[in-house]
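J.: If you scroll down you'll find the structure; I have some questions about it.
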Amino acid sequence: RKWVDHFFLMATVKLLMIDEVHLLGDDSRGPCLEAVVARMKTIQRAASNVNASRDQINHSSYRDSTPASLASEMRMIAVSATLPNIVDVAEFMEATEAFAFDGSFRPVPLTKHVHGCGFVGKNEFKFWSYLDNQVPDLIHRFSGGKQTLIFCHTKGDTEKLCAALIAKNMGGKRKVATAAPPGTVEHCLLNGVAYHHAGMPADDKSRVEEAFAAGEIRCLCATSTLAVGVNLPAHLVIVKGTRAWRGGGNGYQDIDKESLLQMIGRAGRPGLDTSGVAIIMTDTKSKSLIESRIQGLGPAESRLLRNLVDVLNTEISQRVVTEVGGAIQWLKTTFLFIRLRQDAAKYAMDRTWSSIDSYMNHLLGRAIESLVQTGLVEIDENGSISPMPACHIMSVNMVPYDSMTA
């Protein structure tokens, strides 16, 4: 958001690597990722057009840059294990090549099962908690004595299930007298069963990860963060439940398809297994729906539209967008524009619009009007857009537009 102040530094970046690029379609992280990629493309275009002398660079905030590095092209490398519309993403990244690999390239074949565990009834909390009782039997049936990774959907669930598995000696270790209190990492490691979640101290998480990688832990109960950030595969992966509590205002909500595929993708250890097994525990009524979901994802869709006002405010603050016509050109650098051309109906564009450009003009006009009414920007009779102090404050401090209007 401050790239103009550090232009020579940002313009010298010539390799942008993006893991889990399917997160473009994530409701919370997608708009940010899309804005970052579009912004990097803007920076590189500006760098290719600037004719900076050595003296200008020496007086900049990044003196290690060179005229040659500024003029060179930036490469983007984006990877994902769950992305069907790779061509759309490649176009957004301005890539000259896109490579797709089907399941036959997976180093360890994966067998997937969806286990219907009964009907939810009136008490949803009680049903999903009841699944803890069925986990030991699934481990006995499918693990073959090898390591098991059980994904839970809250921090508390990981610790609760871990204690239940220790009580049933699922770690396969002889119980020994220890001064370590139950629930501590020391107690878990001695019993061959542990938990892992974002609320743990970094040292404890590292100890658990190292112990699991070394084979000292037979069962690991973890939240879904382990499916994205840490490479700890297991022979058997169990996803305990397909709905999670998201707070009083939201209640129980379905686990998204991307997360399910990421979690079951941890099954099978290259170099140690000839196969992997993944089991998703759900209610009987949802069984067929989950089976269809794990066959693959639908196309990743842009989530920029819901955050268009916020992102546009930043581009105006950085003087990327200085007039209405420039706003259209900026929007054409986004993933939203790519997907509008492919499936406009998904973005509320109906047949009353004569063209995608006219619809984008409507979207931008509405977003700019919101910024004007809030006093974030001003627009003159010629269509020139000027940022107000509040525009910069909102951008630099990453204040959501809704908070600026509160």
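Numbering-wise (the numbering used here), the sequence shown opens with residue 962 and increments by one.
We treat Cβ as the ideally placed atom computed from N, Cα and C, and that holds for glycine.
Would you mind giving the Cβ-Cβ distance between T1119 and Y1156, rounded to the nearest angstrom? I have them listed as a contact below 8 Å.
T.: Between Y1156 and T1119 the Cβ distance is about 4 Å, and since that is below 8 Å, they are a contact.
J.: Hey, how far is the Cα of N1358 from the Cα of A999?
T.: For N1358 and A999, the distance between alpha carbons rounds to 20 Å.
J.: State the DSSP-derived secondary structure class of W964, mapped to helix, strand or coil.
T.: Note: W964 maps to coil in three-state DSSP.
J.: So is E1219 buried or exposed if we call it buried at 16+ other beta carbons inside 10 Å?
T.: Buried, because 16 or more other Cβ atoms sit within 10 Å of the Cβ of E1219.
J.: Going by beta-carbon coordinates alone, are T1003 and V1281 separated by less than 7 Å?
T.: Against a cut-off of 7 Å, the Cβ pair of V1281 and T1003 comes out as a contact.
J.: With DSSP run on the structure shown, which of helix, strand or coil describes G1077?
T.: Three-state DSSP puts G1077 in a strand.
J.: Near I1047, which residues of its chain fall below 7 Å by C-beta distance, leaving aside the five closest residues on each side in sequence?
T.: Around I1047: A1059, A1061.
J.: By DSSP, does M1349 sit in helix, in strand, or in coil?
T.: The answer is coil: DSSP assigns M1349 none of H, G, I, E or B.
J.: Where does Y1362 land, buried or exposed, given buried means 16+ other C-beta within 10 angstroms?
T.: Counting Cβ neighbours within 10 Å, Y1362 comes out buried, since at least 16 surround it.
J.: Excluding five sequence neighbours on each side, which residues of the same chain lie with their C-beta closer than 6 Å to the C-beta of E1052?
T.: Here the set comprises I1299.
J.: Taking the alpha carbon of E1177 as the point to measure from, which residue in D1049, P1194, L1151, R1302 has its own alpha carbon closest?
T.: Taking only the C-alpha atoms, the option nearest E1177 is L1151.
J.: Just list the residues that DSSP pairs V1146 with in beta bridges.
T.: Answer is none; V1146 lacks a bridge partner.
J.: With distances taken between CB atoms, is the gap from D1244 to V1081 smaller than 7 Å?
T.: Cβ atoms of D1244 and V1081: closer than 7 Å.
J.: Are there 16 or more other CB atoms within 10 angstroms of the CB of T1145, so buried, or fewer, so exposed?
T.: Classification of T1145: exposed, given that the 10 Å Cβ count is below 16.
J.: Assuming I1127 and V1154 are in contact, meaning their beta carbons sit under 8 Å apart, how far apart are those beta carbons, in whole angstroms?
T.: Indeed they touch by this definition, with Cβ atoms about 5 Å apart.
J.: Shortest alpha-carbon distance to S1356 belongs to which of R1102, C993, G1132, Q1303?
T.: Among R1102, C993, G1132, Q1303, the Cα nearest to that of S1356 belongs to C993.
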